[in-house]
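Report on the following structure.
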Amino acid sequence: QVGPTGSPTGSNYDLIAQQKIPGGLALTGPTFSLIKPQIQHGWIDTGTTGTFDGSFISIANTTIIPSTNGYIWANANLNWSDGALGIVSAYIQIDGQTGPTFTQHSSGNAESMDLALQYRSTTKIGPTGSLVPITLWAKGTSGLTTVINANIFALANLS
């Protein structure tokens, strides 16, 4: 069965399809949008660059607008270097929900290091009709930690 949902003049309007149980009136299974994408994504490349130390700071951030109630998943990469035997710790935060902290140790040779991390929201979010913030937080320990590049890729509306 295919039919409209929401207000025809509102941002919540959509045309959806859902399987109808043969011989009955009940619908079953997931709904599929014919207007709005089921999975939305956001991307930010090159967040904050420069030296950082001590407390967690926002390194990169992006936003996403969920069109349905679902989980949001984010994947982040932090490219960094350190002139000493430093440690970088980082985590992703999605709409105030904080993921686990990932830690990486430097060899102390000022070489470029990549820290990849991911997090899926613990609760479903949406449809919000507004921007949902996604932030990559990080801190260094040596005083010589430098962000070379940071990026976040996110998907919304996941079941």
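Read left to right, the sequence shown gives residues 8 to 166 (the working numbering).
Built from N, CA and C at the ideal position, the CB exists for glycine as well.
Helix, strand or coil for residue i per DSSP?
i: A123; result: strand
i: A91; result: coil
i: G147; result: strand
i: S65; result: strand
i: S166; result: coil
i: S128; result: coil
i: P140; result: strand
i: N86; result: strand
i: T75; result: coil
i: L34; result: strand
Is residue i near residue j, with beta carbons less than 8 Å apart?
i: Y126; j: A81; result: yes
i: A91; j: L124; result: no
i: N76; j: K131; result: yes
i: G10; j: Y20; result: no
i: I140; j: S74; result: Before going further, note that residue 140 is Pro rather than Ile in the sequence given. Result no, Cβ atoms of P140 and S74 do not sit closer than 8 Å.
i: I72; j: S166; result: no
Return no unless some Cβ of chain C is closer than 8 Å to the Cβ of residue i.
i: T129; result: Looking for chain C here will not work: only one protein chain is present.
Quickly, what does DSSP pair residue i with across the bridge? List them, please.
i: P11; result: L22
i: I101; result: Q104, I141
i: S114; result: None; S114 has no bridge partner.
i: T16; result: Bridge partners of T16: none, in fact.
Taking all protein chains shown into account, decide if residue i is buried (16 or more other Cβ within 10 angstroms of its Cβ) or exposed.
i: T129; result: exposed
i: A67; result: buried
i: G93; result: buried
i: G103; result: exposed
i: D121; result: exposed
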